[in-house]
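Chemist: Got a structure here, written out as structure tokens. Questions coming.
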Amino acid sequence: MRRSLESTVSKSGSPILSGAPSPSPWQAVDGSADVVTPYAASSTRNFLLNQDAPQFTRDLAIYENPTENVAHRESWSNTKKALIVVAVFLCASLLFVSVLIGRRLSASGPEMLCSSSACRDYSDSLKTSINTSVDPCRSFTHFVCDGWERDNVISVRQHQFAEVVERVRDFAFAMEIPVKGQNETQMAAALYRSCDDVVHGRSDQLALVTELLRGANITWPEVPEGPCDLLHTLLYTSLRLGWDAVVTFTISRTPLEDALVVKPGSSFPFVYDKTVGFETEEGKRVYFNELMRAFRGDRRNVTARIVSYEDTIAVENMALGKLAQVYSVSERNGTLSRAQEFVDAPDAGLSEARWTAALSRFRINLTGGLNVATRSPSYVKTFVSLWAALGEAGMYSFVSWCTVQVAALYTNRELILNYYDKDSRKAQVYSDAFCVSRAMIMSNAALFAPYTTQVLRSDAMVDAREVTLSVRSAFRDRLEAWPHYEENVTVVSNWASLDAPFRTFAPAEIDRFARGPLVDMDVGSLAHNWVVLAASLTDTPMEDVASELYAVYKFRYHVLPRGEGDFQLMPYALRFPMYEGSLPAAVNYGGLGAVVGRALGGLFLDAYRRYGDPASATALADARSCLIRGQFGAVDSIEDLLAEAFGVSALVAAYKLTATADNAVEGMEAYSSMQMLFIAMCHNKCQGSMRGNKDPVCNALLQYVPEFADAFRCQAGAPMNPSHRCRFL
């Protein structure tokens, strides 16, 4: 039996501040280990605080001087009686607690305490992170994460990923890579190394990047001397350069008919995230000027017009927000439909003849004639409308500005630092993720092969599958009990199968790396490698590739592949502290289990938004609005929070089935199993000091989870136990 968390107070009645590791709940406030129970310590402390300390001092002096009056000796006699009572009380308390501890150990055995190296590491991390001076019912984020934020610039997830990157880097740089005849692993390693060289300043690709942009007729910051051809620029940046900041094109080939598939730019999030992340106008202007200085370089054409900051931002303000609104519209499982509005758009200067001429320059012949199709009709319609409204020159200016920002990330360390506001630590963390994600274009498994093979050979895979199946089963039960459940709406294609979630760890996937044709990589040139790779993947559906790129860049642990009706874990998802075979179930459910719940919530939202009836659509909209109105402020992604919200009850229910048999992390015995589940969930979300408002990180969701309020005994109406709760599954 575990003990529940008890708050520790000072003699003034206020909580004890916990800057360093907090004292054990089994320890007295002064740090001694004589009092082993928080209950006994509290009772004794209150008894002594009710005594008259100055009188006690005088009584002691009188006792030492027998010539003092009898009244004082009688007073001391009374005091001795009181002390005897206290001593008896303490002895009884110690005996009582000893019996309790003995019963717990005799009932559960020593094996109920996890003392593995992973548990010791986890315990050490929690001890320095948890701030016991904070009431968890007021802010669970601060209770769990204050220490982590104090000691770390980056988040827990980023820290975990940094350790993953170190293993990838060691693996890639230790490999012998021939110039010709590379295998799949060598290609991925060469691509990674060329990226790592740019990030760390060992390579500067500015001259090559500028030349490549010129092939797309992008002369930024100079204004083109002649008429611009936006259609050529869009096709070239996507099909030839892979810097598809606004629109992505791929070719879908079938025996009867080919299609040029258009979708939102896979690099669009890089542009949008940067734009909305500016805190001041001055910061944005500095960013713009640094890009202008770099890309103008030594070119000093006195007759050339240079773009202005004001004109550039004016066009950006008109276009970026509108595209962002429709970019996130979920159409993952949508079917291809003709995008005729992109072909015949007289107001935008588009016609079938113009398309045919443009494609011929790329030597693209489509069987069955011109067929432009999309799974994102709302995005395409918005883009064409903006093209017509801004005119070709205005839209060209916007596309050029967006593309240059993306290309800068492949150029040199100075421009990478510029993107990350000159913050070298932030640049390091995100650029490492950027390089890993680029290499994963070759395969989502190649660089992780040594680790995934190790996982396959251990018992960890068996346990991880059990956690995943348990959460899936609980989610399905709740889904089928949902008032708006519809049997004909498929959320997961096969609830009993784990082939899709664990595909990355399957031996067949590890043996089959390449997504497309084998192309030798140049260890010394990231820009060259990226362009060669982009050209080789023209016929490769890029929806899943793009989602994986962004998932890695955002340190996410799963993706939702298009059309599969299931999620897929990333190859680094089964790593400490998200998952480790020797950790207690509470920690693994709070890590991997929470990832599974969030992924299932995302699949649920996708399915019911597309195929659900109006009543279910209303329920989803109401849940989303309720989260937005939360008392702790805005979150980074309301969609991620909503997906997590619809999966959290399944997570809790699944863990309850194993909680009674769970063991404890040594050093964390004072926390109940359910408390540890929520602590693990929150700890994995802890942000570093470089982030702003962190309150919503854990609080935004857990305030609506009744099991959380029960576990921490939060009074009704407390911030983490509000009278009104959002409704999910």
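Read in full-length UniProt numbering, the sequence shown has 431 at position 431, and its numbers run on one by one without any break. Glycine residues also receive a C-beta, built at the ideal position from the N, C-alpha and C atoms. Source: prediction; values computed, not measured.
1) Please check the pair C145 and N721, which I expect to be a contact at CB under 8 Å, by giving their CB distance rounded to whole angstroms.
2) Can the beta-carbon of V399 be found less than 7 Å from the beta-carbon of A345?
3) Excluding the 5 residues flanking E310 on each side, which residues of the same chain have their C-beta closer than 6 Å to its C-beta?
4) Can you give the Cα-Cα distance for V88 and A670, rounded to whole angstroms?
5) Measuring straight from C-alpha to C-alpha, what distance separates A659 and M674?
6) By Cβ distance, which residues of its chain are closer than 8 Å to A339, with the 5 residues on each side in sequence left out?
7) Within 10 Å of its beta-carbon, does E580 have 16 or more other beta-carbons around it, so buried, or fewer, so exposed?
8) To test your reading of the DSSP string, which unbroken beta strand (DSSP E) runs of 3 or more residues are found completely within the segment 150-215?
9) Quick one: give me the first and last residue of the alpha helix (DSSP H) that A460 is part of.
10) State the beta-bridge partners of C114 as determined by DSSP.
11) Do you know offhand how far P719's Cα is from A527's?
12) Do L603 and V491 come within 7 Å of each other at the CB atom, strictly closer than that value?
13) Does the beta-carbon of A496 have 16 or more other beta-carbons within 10 angstroms, so that it is buried, or is it exposed?
14) With distance defined between alpha-carbon atoms, name the residue in D273, F161, D124 and S125 nearest to D636.
15) Output the distance between the C-alpha atoms of D151 and Y287, rounded to the nearest integer angstrom.
16) Using DSSP with H/G/I as helix, E/B as strand and the rest coil, what is S497?
17) Between which two residues does the beta strand (DSSP E) holding V372 run?
18) Less than 8 Å between C-beta atoms, sequence neighbours within five positions excluded: which residues of the same chain meet that for A319?
19) How should E64 be labelled, buried or exposed, when 16 other C-beta atoms within 10 angstroms of its C-beta is the threshold for buried?
20) Can you find the residues in the same chain that come closer than 8 Å, C-beta to C-beta, to G181, ignoring five residues on each side of it along the sequence?
21) In terms of residue numbering, what span does the beta strand (DSSP E) encompassing K263 cover?
22) Compute the Euclidean distance between the alpha carbons of F712 and S470, then round it to the nearest angstrom.
23) Should E392 and L230 be called a contact, given that it needs their Cβ atoms to be closer than 7 Å?
24) Between S525 and L241, how many whole angstroms is the CB-CB distance? I'm expecting something under 8 Å.
25) Could you give the distance in angstroms between the alpha-carbon of residue 783 and the alpha-carbon of F434?
26) Would you tell me roughly how many angstroms separate the C-alpha atoms of E509 and T185, rounded to the nearest one?
27) According to DSSP, simplified to helix, strand and coil, what is L409?
28) Which same chain residues end up closer than 7 Å to R575 when comparing Cβ atoms and leaving out the 5 residues on each side of it in sequence?
29) In or out: S649 buried (at least 16 other Cβ within 10 Å) or exposed?
30) Could you pull out every unbroken alpha helix (DSSP H) segment of at least 4 residues lying fully inside the UniProt domain "Peptidase M13 C-terminal" (574-727), listed in chain order?
31) Give every residue of the same chain whose Cβ lies closer than 8 Å to the Cβ of T356, excluding the five residues on either side of it in the sequence, and list them in chain order.
32) Please identify the residue among R727, L549, R425 and F268 whose C-alpha is closest to the C-alpha of W401.
33) Within this structure, are the beta carbons of V247 and G226 separated by less than 7 Å?
34) Can you give me the Cβ contacts of V315 inside the same chain, cut-off strictly under 7 Å, excluding the 5 residues immediately before and after it?
35) Which residue comes first and which comes last in the alpha helix (DSSP H) that contains I251?
Modeler: According to the structure data:
1) By 1-based counting over the sequence shown, the position of residue 145 is 145. By 1-based counting over the sequence shown, the position of residue 721 is 721. With 8 Å as the limit, C145 and N721 do not qualify as a contact, their Cβ atoms being about 19 Å apart.
2) Against the sequence shown, residue 399 aligns to sequence position 399. Against the sequence shown, residue 345 aligns to sequence position 345. Note that the C-beta distance between V399 and A345 is not below 7 Å.
3) In the sequence shown, residue 310 corresponds to position 310, counting from 1. Cβ neighbours of E310 within its own chain (closer than 6 Å, five residues either side excluded): none.
4) The residue you call residue 88 lines up with position 88 of the sequence shown. The residue you call residue 670 lines up with position 670 of the sequence shown. At V88 the pLDDT is 47, less than 50, meaning the model places this residue with poor confidence; the figure from the coordinates comes in the next sentence. Spanning the two alpha carbons is a distance of roughly 26 Å.
5) Counted from its first residue, the sequence shown places residue 659 at position 659. Counted from its first residue, the sequence shown places residue 674 at position 674. One C-alpha to the other measures close to 7 Å.
6) The residue you call residue 339 lines up with position 339 of the sequence shown. The answer, listed in chain order, is V262, V372, A373, T374, P377 and V380.
7) Counting from one through the sequence shown, the residue named residue 580 turns up at place 580. Under the 10 Å beta carbon count, E580 is surrounded by 16 or more other beta carbons and is classified as buried.
8) Fully enclosed beta strand (DSSP E) runs of 3 or longer: not present.
9) Taking the first residue of the sequence shown as position 1, residue 460 is located at position 460. From DSSP, the alpha helix (DSSP H) with A460 extends over A460 to A481.
10) Within the sequence shown, the letter at position 114 stands for residue 114. The partner list for C114 (beta bridge, DSSP) reads V665.
11) Within the sequence shown, numbered from 1, the residue matching residue 719 stands at position 719. Within the sequence shown, numbered from 1, the residue matching residue 527 stands at position 527. C-alpha separation (whole angstroms): 51 Å.
12) Numbered from 1 along the sequence shown, position 491 holds the residue referred to as residue 491. Numbered from 1 along the sequence shown, position 603 holds the residue referred to as residue 603. Going by beta carbons, V491 and L603 fall inside the 7 Å limit.
13) In the sequence shown, residue 496 corresponds to position 496, counting from 1. Per the 10 Å Cβ criterion, exposed.
14) Counted from its first residue, the sequence shown places residue 636 at position 636. With distances taken between Cα atoms, D636 lies closest to D273.
15) For this step, residue 151 is matched to residue 151 along the sequence shown. For this step, residue 287 is matched to residue 287 along the sequence shown. Roughly 29 Å between the two C-alpha positions.
16) Walking along the sequence shown from the start, residue 497 turns up at place 497. Looking at S497 - three-state DSSP - the assignment turns out to be coil, as it is neither helix nor strand.
17) Taking the sequence shown and counting its residues from 1, one reaches residue 372 at position 372. For V372, the uninterrupted beta strand (DSSP E) segment begins and ends at V372 to T374.
18) As a position in the sequence shown, residue 319 is number 319, starting the count at 1. Correct list, in chain order: L386, L390, M395 and F398.
19) Counting from one through the sequence shown, the residue named residue 64 turns up at place 64. Confidence in E64 is poor, its pLDDT being 39 and thus under 50, which makes the residue's placement too unreliable to answer from.
20) Indexing the sequence shown from 1 puts residue 181 at position 181. The beta carbon of G181 sits closer than 8 Å to those of D520, all from its chain and outside the five residues before and after it, given in chain order.
21) Residue numbering aside, residue 263 sits at position 263 when the sequence shown is read from its first letter. Under the DSSP assignment, K263 falls in the beta strand (DSSP E) whose first and last residues are A259 to P264.
22) On the sequence shown, residue 712 is found 712 positions in, with the first residue counted as 1. On the sequence shown, residue 470 is found 470 positions in, with the first residue counted as 1. Computed Cα separation, rounded: 24 Å.
23) If you number the sequence shown from 1, residue 392 lands on position 392. If you number the sequence shown from 1, residue 230 lands on position 230. At a Cβ-Cβ threshold of 7 Å, E392 and L230 count as neighbours.
24) Position 525 of the sequence shown, counting from 1, holds the residue named residue 525. Position 241 of the sequence shown, counting from 1, holds the residue named residue 241. The C-beta distance from S525 to L241 rounds to 14 Å, too long to fall under 8 Å, and the pair is not in contact.
25) The first residue shown for the chain is 1 and the last is 729, placing residue 783 beyond what the model contains.
26) Reading the sequence shown from its first residue, position 509 is the one you call residue 509. Reading the sequence shown from its first residue, position 185 is the one you call residue 185. At E509 the pLDDT is 49, less than 50, meaning the model places this residue with poor confidence and gives no usable figure here.
27) On the sequence shown, residue 409 is found 409 positions in, with the first residue counted as 1. Correct three-state label for L409: coil.
28) Within the sequence shown, residue 575 is the residue found at index 575, counting from 1. Cβ neighbours of R575 beyond the five flanking positions: Q160 and V164.
29) In the sequence shown, counting from the first residue as 1, residue 649 sits at position 649. The residue in question, S649, is buried, as its Cβ has 16 or more Cβ neighbours within 10 Å.
30) If we require 4 residues or more, the alpha helix (DSSP H) runs fully inside the UniProt domain "Peptidase M13 C-terminal" (574-727) come out as 585-588, 594-611, 614-628, 638-659, 673-683, 696-702 and 706-711.
31) Position 356 of the sequence shown, counted from the first residue, corresponds to residue 356. L370.
32) Within the sequence shown, residue 401 is the residue found at index 401, counting from 1. That would be F268, whose Cα lies nearest to the Cα of W401.
33) In the sequence shown, counting from the first residue as 1, residue 247 sits at position 247. In the sequence shown, counting from the first residue as 1, residue 226 sits at position 226. Contact flag unset, no.
34) In the sequence shown, the residue the question calls residue 315 occupies position 315. Contacts found: L390, G394, S397 and F398.
35) If you number the sequence shown from 1, residue 251 lands on position 251. From DSSP, I251 is part of no alpha helix (DSSP H) but of the beta strand (DSSP E) over V247 to S252.
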